[in-house]
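Trainee: One structure coming up, written as structure tokens, with questions to follow.
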Amino acid sequence: MEYRQLVRTVKQATRNHAGLMYHRLVSHIPHVLVVTVLVVVAPQLSTLTPEKARALWNTAVNAPALAMACWAAALAAYTYASSRPQPVYLVDLAGYKPPVELEASRAKTIVHFSRCGRFSEQSMAFQKRMLERSGLGEATHFPMSLIRLPVDMCDRTAMEESHAVIFGVVDEVLRKTGVDAGDVGVLIFNSSLLSPTPSFTSLIVNRYRFRDDVVTHNLSGMGCSAGIIAIDLAKRLLQVHRNTYALVVSTENITLNAYMGNNRPMLVTNTLFRVGGAAILLTNRAGDRARSKYQLIHTVRTHRGAHDQSYGCVTQEKVFRAQVKAYLPDFKLALEHFCIHAGGRGVLDELENSLKLSPWHMEPSRMTLYRFGNTSSSSLWYELAYCEAKRRIKKGDRVWQIAFGSGFKCNSAVWRALRTIDDAGESPWTQDVHVLPVDVPKVVPIDETSYQVPI
33 MEYRQLVRTV KQATRNHAGL MYHRLVSHIP HVLVVTVLVV VAPQLSTLTP
83 EKARALWNTA VNAPALAMAC WAAALAAYTY ASSRPQPVYL VDLAGYKPPV
133 ELEASRAKTI VHFSRCGRFS EQSMAFQKRM LERSGLGEAT HFPMSLIRLP
183 VDMCDRTAME ESHAVIFGVV DEVLRKTGVD AGDVGVLIFN SSLLSPTPSF
233 TSLIVNRYRF RDDVVTHNLS GMGCSAGIIA IDLAKRLLQV HRNTYALVVS
283 TENITLNAYM GNNRPMLVTN TLFRVGGAAI LLTNRAGDRA RSKYQLIHTV
333 RTHRGAHDQS YGCVTQEKVF RAQVKAYLPD FKLALEHFCI HAGGRGVLDE
383 LENSLKLSPW HMEPSRMTLY RFGNTSSSSL WYELAYCEAK RRIKKGDRVW
433 QIAFGSGFKC NSAVWRALRT IDDAGESPWT QDVHVLPVDV PKVVPIDETS
483 YQVPI
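Take 33 as the starting number for the sequence shown in the working numbering and just add one per residue.
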């Protein structure tokens with residue numbers, strides 16, 4: 033069985049690298065043609081006088097050959113232009129910063145859960161221990177449906193949460209880029225737990241009056257790695273739809289993600305997942321390269337759903353145990369920045385050791401977990417925004433985003449910075465970046481008396 037899995041993995045890697053080699057070969061064809069022509073023609077040109085050149089041009093015998101050569105050159109140019117992969121640029125991104133009234137300290141979270149009346153003493157003790165070791169700070173955000181009492185978990189409150197996040201990030205990214213919604217040709221949305229009818233893509237199209245021929249995709253049930261899946265899908269669509277923009281919106285619904293029972297494994301989500309979302313504007317327009325921040329270099333998608341052991345696992349820890357141990361190179365030699373899905377402190381600790389990363393490399397992920405919690409698929413964009421807010425991104429730097437989802441999907445993307453980002457502009461980190469990073473001990477006790485319950 034292991035041999036078959038190995039063969040399947042090798043075949044998949046061969047297909048991936050074959051596609052990569054093809055694109056690299058196509059991109060170097062012009063250089064090869066120029067060198068070949070110079071090698072063949074240069075000796076002849078050295079003996080060519082003006083008289084010989086005029087005679088050659090005026091000789092009727094050479095007219096068919098000249099026409100054939102021109103036709104072949106035109107055909108080669110057309111073939112190269114049509115087969116060359118379109119570069120994909122990231123113009124700008126926006127991360128959602130929830131309002132202050134949705135902030136919840138760890139003490140407030142525990143007191144609030146205890147007043148819900150649905151948890152046993154053992155469940156409350158377990159959630160408290162988890163929060164003390166989670167790596168979350170004192171200002172993460174819950175939706176209003178979970179902040180107020182009694183807790184109101186229903187479709188209406190779930191939609192209210194999603195509307196606030198989606199409209200917030202889409203408004204911001206369109207405002208920052210100055211792109212009209214009518215110019216967007218591709219729209220991709222991902223949210224795992226909430227997939228209403230009409231879809232969220234239809235909601236966005238209606239709200240912003242997208243054009244009639246916009247290509248939309250609504251991804252659901254794909255876990256925390258769906259953000260990179262959406263980026264990969266956008267990249268593929270931008271190879272077909274020329275001279276346009278692609279808008280990617282990544283979020284997760286926390287209202288329907290909360291668990292009010294006493295099944296211990298399911299209580300973990302209450303201590304990690306928080307409100308968040310991001311919108312990313314991509315383009316293949318050559319004229320937008322100068323103002324874009326990054327160029328997408330690679331995307332890699334791994335799906336081990338065909339294996340029962342992987343399929344039956346829904347925690348992020350199993351993913352890196354199955355995947356990361358095989359990767360031994362020093363990635364710091366090829367990449368400057370790492371944005372690793374902030375799934376939990378245990379995940380980040382293991383990946384720091386496995387990939388041999390420094391605390392500086394892990395800082396964006398750890399501070400995202402501390403300030404915003406696990407925002408699911410959008411956490412990678414909070415981490416990239418953190419790097420920008422800290423003015424770490426220099427021209428030519430490469431950023432590796434690594435996402436895990438549903439226990440059996442691992443996806444990644446590599447971006448190259450097109451310019452040095454000295455001013456991140458509007459960002460979810462604007463008000464906090466000057467006090468970060470902070471040291472987060474492995475265990476931070478929770479003093480429930482520090483939170484005064486409103487009367």
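Even glycine gets a Cβ: it sits at the ideal position worked out from N, Cα and C.
For the alpha helix (DSSP H) containing Gln159, list its first residue and its last residue.
Mentor: 153 to 164 is the span of the alpha helix (DSSP H), which, as asked, contains Gln159.
Trainee: Please list, in chain order, all residues of the same chain as Thr481 whose beta carbon is under 6 angstroms from its beta carbon, the five residues on each side excluded.
Mentor: Excluding positions up to five away in sequence, the list is empty.
Trainee: Going by DSSP, what residue range makes up the alpha helix (DSSP H) through Thr331?
Mentor: That residue, Thr331, is in no alpha helix (DSSP H); its beta strand (DSSP E) goes 326 to 335.
Trainee: If contact is defined by three or more beta carbon pairs under 8 angstroms, each pair taking one atom from either stretch, is the region 397 to 412 in contact with the region 325 to 337?
Mentor: Result no; under three Cβ-Cβ pairs closer than 8 angstroms.
Trainee: Val201 to Ile453, Cα distance in whole Å?
Mentor: C-alpha separation (whole angstroms): 20 angstroms.
Trainee: Take Val246 and list the residues in its own chain whose beta-carbon comes closer than 8 angstroms to its own, dropping the five residues that flank it on each side.
Mentor: For Val246, where only same-chain residues beyond five positions count, the Cβ hits under 8 angstroms are Val216, Gly217, Val218, Leu219, Val237.
Trainee: Determine the direct distance from the alpha carbon of Val143 to that of Val476, and round the result to whole angstroms.
Mentor: Distance between the alpha carbons of Val476 and Val143: 16 angstroms.
Trainee: Which stretch, first to last residue, makes up the alpha helix (DSSP H) that contains Ser397?
Mentor: Where Ser397 is concerned, the enclosing alpha helix (DSSP H) stretches over 391 to 404.
Trainee: Please go through the same chain and pick out, in chain order, the residues whose beta-carbon is closer than 6 angstroms to the beta-carbon of Leu395, but skip the five residues on each side of it.
Mentor: Before going further, note that residue 395 is Glu rather than Leu in the sequence given. Hits under 6 angstroms: Pro469.
Trainee: Quick one: what's Glu135 bridged to in DSSP?
Mentor: Partner(s): His173.
Trainee: Measuring alpha carbon to alpha carbon, tell me which residue in Leu416, Ser194, Lys208 is nearest Glu458.
Mentor: Of Leu416, Ser194, Lys208, the residue nearest in Cα terms is Lys208.
Trainee: For Asp264, which residues of its own chain have a beta-carbon under 8 angstroms away from its beta-carbon, when the five flanking residues on both sides are left out?
Mentor: Excluding positions up to five away in sequence, the list reads Thr331, Arg333, Asn443, Ala445.
Trainee: Less than 8 angstroms between C-beta atoms, sequence neighbours within five positions excluded: which residues of the same chain meet that for Ala421?
Mentor: If we look at Ala421 and ignore the five residues flanking it on each side, its Cβ neighbours are Ala456, Ser459, Trp461, Thr462, Val465.
Trainee: Name the DSSP bridge partner or partners of Leu219?
Mentor: Beta-bridge pairing links Leu219 to Thr248, Leu279.
Trainee: Going residue by residue through the region 440 to 473, where are the continuous beta strand (DSSP E) segments of at least 3 residues, counting only ones entirely within it?
Mentor: The qualifying runs are 441 to 449.
Trainee: Does the beta carbon of Cys442 come closer than 8 angstroms to any beta carbon on chain D?
Mentor: Given the protein chain composition of this structure (a single chain), no chain D is represented.
Trainee: Can you give the Cα-Cα distance for Pro391 and Tyr402, rounded to whole angstroms?
Mentor: Distance between the alpha carbons of Pro391 and Tyr402 is about 14 angstroms.
Trainee: Is Asp124 helix, strand or coil when you go by DSSP?
Mentor: Here Asp124 sits in strand by DSSP.
Trainee: Provide the residue span of the beta strand (DSSP E) that contains Leu270, from first to last.
Mentor: Taken as a continuous stretch (DSSP letters only), Leu270 belongs to no beta strand (DSSP E), being part of the alpha helix (DSSP H) at 258 to 270.
Trainee: Output needed for Ile434: all residues of its chain with C-beta closer than 6 angstroms, excluding positions within five of it in sequence on either side, in chain order.
Mentor: Cβ neighbours of Ile434 beyond the five flanking positions: Ile372, Ser444.
Trainee: Under the three-state reduction of DSSP, which class applies to Arg274: helix, strand or coil?
Mentor: Correct three-state label for Arg274: coil.
Trainee: Assign His369 to one of three DSSP states: helix, strand, or coil.
Mentor: It is a strand residue.
Trainee: Cα separation between Ile261 and Phe436?
Mentor: Their backbone Cα atoms lie some 11 angstroms apart in a straight line.
Trainee: I need the DSSP call for Glu349, collapsed to helix, strand or coil.
Mentor: Here the model assigns Glu349 a pLDDT of 39, short of 50, so the residue's position is not dependable and the matter cannot be decided.
Trainee: Thinking C-beta only, is Ala126 closer than 8 angstroms to Ala266?
Mentor: Going by C-beta atoms, Ala266 is not nearer than 8 angstroms to Ala126.
Trainee: By Cβ distance, which residues of its chain are closer than 7 angstroms to Val140, with the 5 residues on each side in sequence left out?
Mentor: At residue 140 the sequence reads Lys, which differs from the Val that was named. Tyr483.
Trainee: Do you know offhand how far Met191's Cα is from Ala290's?
Mentor: Their Cα atoms are separated by approximately 15 angstroms.
Trainee: Within the same chain, show all residues whose beta-carbon is closer than 8 angstroms to that of Gly319, passing over the 5 residues directly before and after it, in chain order.
Mentor: Excluding positions up to five away in sequence, the list is empty.
Trainee: Determine, using beta carbons only, whether Arg377 and Ser166 come nearer to each other than 8 angstroms.
Mentor: Yes, the pair counts as a contact, with Cβ atoms nearer than the cut-off.
Trainee: Measuring CB to CB, does Asn316 end up less than 8 angstroms from Val123?
Mentor: Taking 8 angstroms as the Cβ cut-off, Asn316 and Val123 do not qualify as a contacting pair.
Trainee: Classify Ala105 as buried or exposed, calling it buried when 16 or more other Cβ atoms lie within 10 Å of its own Cβ.
Mentor: Under this definition Ala105 is an exposed residue.
Trainee: Report the three-state DSSP secondary structure of Ile425 (helix, strand or coil).
Mentor: It is coil, neither helix nor strand.
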